[in-house]
Each structure stands twice: as structure tokens, then as C-alpha cells.
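Encoded as C-alpha cells, the structure appears first; notes follow it.
Number of protein chains: 2
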Amino acid sequence: MKTNQIYDYIERLGNLLRTDSRRDVAEYGLQPIHLEVLHYLSLCNRYSDTPMGVTDYLGQTKGTVSQTLNVLEKKGLLNKHPDSRDKRMTHLKVSSAGKELLKTSIPSPLFVNACEQLTEQSQTQAVKVLQELLQAIQHSNSMKSFGICHTCRYNHKKEDNTYFCELTQESLSNEDIQLICREHINIS
Amino acid sequence: MKTNQIYDYIERLGNLLRTDSRRDVAEYGLQPIHLEVLHYLSLCNRYSDTPMGVTDYLGQTKGTVSQTLNVLEKKGLLNKHPDSRDKRMTHLKVSSAGKELLKTSIPSPLFVNACEQLTEQSQTQAVKVLQELLQAIQHSNSMKSFGICHTCRYNHKKEDNTYFCELTQESLSNEDIQLICREHINIS
DNA sequence: TAATTTATGTATCGACTCGATACTATATTT
DNA sequence: AAATATAGTATCGAGTCGATACATAAATTA
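Which chain is which? The protein sequence lines are A and B, in order.
Residues in the first sequence are numbered from 1 upward in steps of one, following our numbering.
Residues in the second sequence are numbered from 1001 upward in steps of one, following our numbering.
Here is the structure:
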């Protein structure tokens, strides 16, 4: 069992990335959490781009998330769009300024420098191992997985090469199925 | 290049661990950062157990660290010992209550659950890959490595099987060389 | 030796996160 | 139609964090 070693490395890496992120976004008057929210919103699908989606993903309370979103909106990094059917819901779209910020800050320059030093083989192994670890954490603690449609139980490929979600009963495009979803449940 | 994928996984894992840690230590009236400080102090050697050591490790300002340490001292999780030679310095020792807290909280139950699901081979690979990644980050950004003596340029094994640090010019015991050091510089 | 510079650490302030609580409004269920 | 569940907001207090200013001790230099 190498639990301790692995934990220490993950904790250390997470700390370094967070510290670096703090330094990086300070000039925009932002906090690490703001960048993480934008990052999530840039990756998730239309079922998941709501305050509750962010709440589930980041594991904070909805009140906290509400405040964070207000900051992002005031800074013009985010736009709110009321849902047309369910008037309780709000969809959150990253603005062009927000996308610009993400482009320069994620992945952090610190991290890009480092990854370039690794061999292609090491990188492939890293992806595999990290994915395995993340899935183990999510599965053994019955957490939401926030995966993409490709690995989701609800996703069906239709004869015309488009996709269909059994949960929402909606067709999904090729772009759709590459986004992460808060309703995602692993196939296996 | 899998930079984006690897970054996303590390960020996600770091977030999950941090969120879990927040929930975990809340009942003691603590924050994630407090546990991280205690964790560091439980792993570092006598050259590194000072407020400046913590400052370098966590990448915060010394003012911030000073406050954090006061909280830990007030809670009885930490004791301060003035250095006998250099009167500017203070050594920080985790108290027995602090050690007890660490034992139950690190690694987090969430993480232990997950690691037990991984094969021995996966764990070995994880350690290897994460170590490689961490070293790449530290090296390509000329950061301090905070490694243990075994991998340090300053460390020499003597004929009687004890160790000697060329930097501090002091003998080191078998226990000493398993602790992390803020002066550590990789051999290679 | 004396003066200067550097290093360690503390104190205080303002901006901000975060959770808790209370609240409104809309959907859904009974 | 009434009760309940869901999505989101508003506000408060405790606490992090960086910046600035400050005190003391050590190291360097003149």
C-alpha cells in the first residue's frame, strides 16, 4: 500500500497549482476559485452550466457559489441566461473576456513548462493513472463523476451517427458529447 | 502532449481532497491550511520546522503564516521552541494532540477508501508518475524541492553507516534522513 | 568597532471566501 | 389546491490571505 506516498504527492501538486493560480490571477483581482468556476463552465454541457451544477462540482454550498458567480458577473467574465422552460434556473456562459482569461491561465504556465519535460510515454501513463485514481475516489465514495457522454450509461449512439441521451431524451451533437455532465454515470 | 488532460485531473483531485479536508476538520474549528501546516511540520527536519520553512513550503507570505501558526498554537496543536543559537528563529513542534489529529485526518478517509481499490501495480505506477511530474514542475521552474536527504546533493554516507550534511556540517541519524528539508537540492 | 544590510518573525488592516441561516420564487407531487 | 421539493439570493460572522509597517537579531561591510 502506497496510500501515504500518493496522497502526499497529490496534496503537494494541488498546493503548488493553487498557490501559482493565486499569484497568477491576483492581477485581475480574482481568487483561485473564480478561475476554477470559469474552467468548469467552459467544459460542461447545457444540463450542468447552472449555479447548482457549479455547487455540486466544487462541493461548496449554494450560497457561497452564488456570491462567487456575482463577482464573476460584475467582472464581465460571465453572463447569466434564464432558462426558457424552468424559470428557477439560470444558465451561465463564459464571456469572451472569460475565455481569453482561461486561455492564458489554464493550464498554468508553471504546469505547461513542466509537462513539456515529460516523455510522451510518461504523459500517457500519467493520464491513465490519474484517471484510475479519480474514478476510484468517486466510485468508492459514491460521488458524482462529472464525466463526458462517451463514458455515460445514458448515452446511446444512433444509426445516423448522432447521439441520444436516455435521461433527458434529447439528441446530442458531436460537440455535446465531449462536455462534462453533472448527471453522468459511468457505464461499468 | 496531454498537458490539458493531466492538468484537469490534478486540479480535480486537488479540489476533491481540499473540499473533503474542509469538511473533515470543520468540527475542530480548523481550515484546510491548518492541517497542511501540521502535516508539513510532521514530515520536516530540524532545519525546516520554522515559520520561514512553512512559508517557503506553502508559498504564502510570512505574515499569513504567522497568523496560521498562532491559531494552531492557541488550539494546542503546536508548540513553539526558540532556537538556542539564533535568537531570531523559532522551531515548531507538533503536539501530541496535533499528532493525534493528523493520524485520523491524513491521508483523508476519502482517499484511503479509494487507494485500497487500486492494484499494487497501479499504485507503484502512480508513485512513479507523480514523482516525475512533481520533479518536473520544481525543476523547470527552479523551485525548492523539499526532498529528503537520500536524494540530496549535500548528503554523504560515512564509513560507520551514519550520514553527514555538507551544508550544515552536522551528522544525521537514520531518522533524520527520512525527513524533508527546505535546503534540499536534487543530486542530478 | 560601528554602521549598514539582511533575515526572522509579529501586528494590523482591508478585501475576500466560506458556511449557516433565512428568505423568495418556481416546479412537482400528493 | 395544498404540501413539498428545487433553484437561487441576501446577509452575517469567522477566518484566510496579502500588503504594509514594525521589532529584533544576525551578518556584512566600512
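Virtual Cβ for every residue (Gly too), placed ideally from N, Cα, C.
Neighbour-count burial assignment, residue i, 16 or more Cβ in a 10 Å radius
i: A:Ser21; result: buried
i: A:Gly53; result: buried
i: A:Asp24; result: buried
i: A:Gln123; result: buried
i: B:Ala1126; result: buried
i: A:Lys74; result: exposed
i: A:Ala114; result: buried
i: B:Thr1050; result: buried
i: B:Arg1012; result: buried
i: A:Gly98; result: buried
i: A:Gln121; result: exposed
i: A:Asn155; result: buried
i: A:Glu36; result: buried
i: A:Thr68; result: buried
i: A:His81; result: exposed
Coil, strand or helix - residue i by DSSP
i: B:Val1179; result: The sequence given here places Leu at residue 1179 of chain B; Val does not occur at that position. Of the three classes helix, strand and coil, the one that applies to B:Leu1179 here is coil, per DSSP.
i: A:Ser171; result: strand
i: A:Glu57; result: At residue 57 of chain A the sequence reads Tyr, which differs from the Glu that was named. Helix.
i: B:Tyr1028; result: coil
i: B:Ile1187; result: coil
i: A:Phe164; result: strand
i: A:Pro82; result: strand
i: A:Thr104; result: helix
i: A:Asn45; result: coil
Cβ neighbours of residue i in the same chain (closer than 6 Å, five flanking residues each side left out)
i: B:Glu1027; result: none
i: A:Thr119; result: none
7 Å Cβ shell around residue i - same chain, five flanking residues per side excluded
i: A:Asp56; result: Lys144 and Arg182
i: A:Thr168; result: Tyr47
Return the residues of the region 120 to 132 of chain A that lie within a Cβ-Cβ distance of less than 9 Å from chain B, sorted by chain order. Glu120, Ser122, Gln123, Thr124, Gln125, Ala126, Val127, Lys128, Val129, Leu130, Gln131 and Glu132
Does the region 1090 to 1106 of chain B come into contact with the region 1033 to 1043 of chain B, if we say contact requires no fewer than three beta-carbon pairs (one atom in each stretch) closer than 8 Å? yes
Against chain A, which members of the region 1005 to 1018 of chain B pass a CB distance test of less than 9 Å? Residues of the region 1005 to 1018 of chain B with a C-beta less than 9 Å from any C-beta of chain A: Gln1005, Ile1006, Tyr1007, Asp1008, Tyr1009, Ile1010, Glu1011, Arg1012, Leu1013, Gly1014, Asn1015, Leu1016, Leu1017 and Arg1018, listed in chain order.
The region 26 to 41 of chain A: positions lying closer than 9 Å to chain B by Cβ: Glu36 and His39
Quick check: the region 177 to 186 of chain A against the region 145 to 154 of chain A, are there 3 or more CB pairs under 8 Å? yes
Stretch-stretch touch, CB-based, cutoff 8 Å, three pairs: the region 134 to 145 of chain A with the region 1101 to 1116 of chain B: yes
Interfacial residues, the region 40 to 66 of chain A to chain B, with Cβ spacing under 9 Å: Leu43, Tyr57, Leu58, Gly59 and Gln60
Contacting positions in the region 1134 to 1155 of chain B - beta carbon closer than 9 Å to chain A: Leu1134, Gln1135, Ala1136, Ile1137, Gln1138, His1139, Ser1140, Asn1141, Met1143 and Phe1146
Taking beta-carbon pairs under 8 Å, can you tell me which members of the region 1095 to 1113 of chain B lie near chain A? Ile1106, Pro1107, Ser1108, Leu1110, Phe1111, Val1112 and Asn1113
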